[in-house]
Each structure stands twice: as structure tokens, then as C-alpha cells.
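In my numbering, the protein residues as written are 20 to 202. From the three backbone atoms N, C-alpha and C, an ideal C-beta is built for every residue, glycine too. This report refers to the structure that appears directly beneath it.
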């Protein structure tokens, strides 16, 4: 699934990256929102696809009910979860690449850097989460692998840094909506 950033935003990324000159706060906020909105749309579509695939496949095996429903449900969930996390990691990498190209204004620079680092931490935890899930023996093991992972823990830090970045921009008179409440 490819995502296209509007030409004006892409030009702002390139200009910022090439000149190392900070974007004005309103342009920075606009570029961040464009990139974030595209990422959220993509990640929500991936999540919906995962949920639908698991639900449909498990419904099919329940209807056939040959006695091995739990084992089949585990295999289906594990396979779909591994695929979902791999695709999510790709989407996160593209988003991280995009926002890393931005040179934020000094007033939000520290908050931007914290947000980028938190996002990178969540994405960096995905390979370990996939490894734990791949060795899961049943559905509760899959759930436990996610619940006890750095991926889940990193999401709390990401949420906090997301809200902080929005608050800093807002305190400077520029609205910034990174969808912190939507994640």
C-alpha cells in the first residue's frame, strides 16, 4: 500500500532537509499533520484488514467445527498477526523516514526529537514482538507476547511524547493534531 504526500508538503520536506533551515512552525505543523494523517490512515487500514481476516477465517473453522478449532484459530491468528506486524513495521518506517527529514523550529525541536525517538522505539520493538508471537503455542501466548513486549510499553511513551509535541506547538499559538487520541 503506497501513500503519496502532496507536492507542497514534499517540497517542504526537501527544502528543509537540504537547507537544514528550520521550517516555520505553521509549515512544520502542516507537514507533520500531513505525514501523520497518511500514516494513521494506512495503519488503521492494516489493522482493519488483520481483524477482518482473523474474524472471517475463524468463523469459517467454527462453522466446520472439527474439534481442532483452538489450534486452527491460534495458527490463523499467529500468521495474520505476523503479517500485520511486518506490514505495520514497513508503514512505521516510511512515516519515521518522512518526519525525520523535517527540521523543526527550535521551539518544538526537543519535543519533535522525543517524539521521533519514541516512534523509533516502538518500531524497533516489532521484530522482537514478532519473534515472541511466532513461538506462541496458543491464543493466550499470543496475547501475552504483545502485552509483555517493548512494543506495547513503547506505545505509552509514544502517546506521552505525541501529546507533549502537540502541547508545545499549541503553547506557541499553532495547532498541531498528530492524532494522539486516535492511536
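Is DSSP giving residue i helix, strand or coil here?
i	result
residue 117	helix
residue 145	helix
residue 123	coil
residue 75	helix
residue 198	coil
residue 43	coil
residue 23	Reliability of the predicted coordinates at residue 23 is poor, the pLDDT of 38 falling under 50, and no value is obtained from them.
residue 167	coil
residue 186	helix
Would residue i and residue j qualify as a contact pair, given that the criterion is a beta-carbon distance under 8 Å?
i	j	result
residue 96	residue 73	yes
residue 197	residue 131	no
residue 177	residue 51	no
residue 42	residue 115	no
residue 158	residue 92	yes
residue 58	residue 123	no
Should residue i be counted as a contact of the ligand NAD given a C-beta to heavy atom distance under 7 Å?
i	result
residue 163	Of ligands this structure carries none, so the ligand NAD is not represented either.
Leaving out five residues before and five after residue i in sequence, what residues of the same chain have Cβ atoms less than 8 Å from its Cβ?
i	result
residue 68	103
residue 27	In this predicted model, residue 27 has a pLDDT of only 39, less than 50, meaning its place in the structure is not dependable; the value taken from the coordinates is given anyway. The answer is none, since no qualifying residue turns up.
Ordered along the chain, which non-local residues of its own chain (more than five positions away) have a Cβ less than 6 Å from that of residue i?
i	result
residue 173	140, 141 and 144
residue 186	none
For residue i, collect the residues of the same chain with a Cβ closer than 7 Å to its Cβ; drop the 5 residues on either side in sequence, then sort them by chain order.
i	result
residue 168	144, 147, 148 and 151
Quick one: measure Cβ to Cβ for residue i and residue j, integer angstroms, because I've assumed they're closer than 8 Å.
i	j	result
residue 193	residue 44	5 Å
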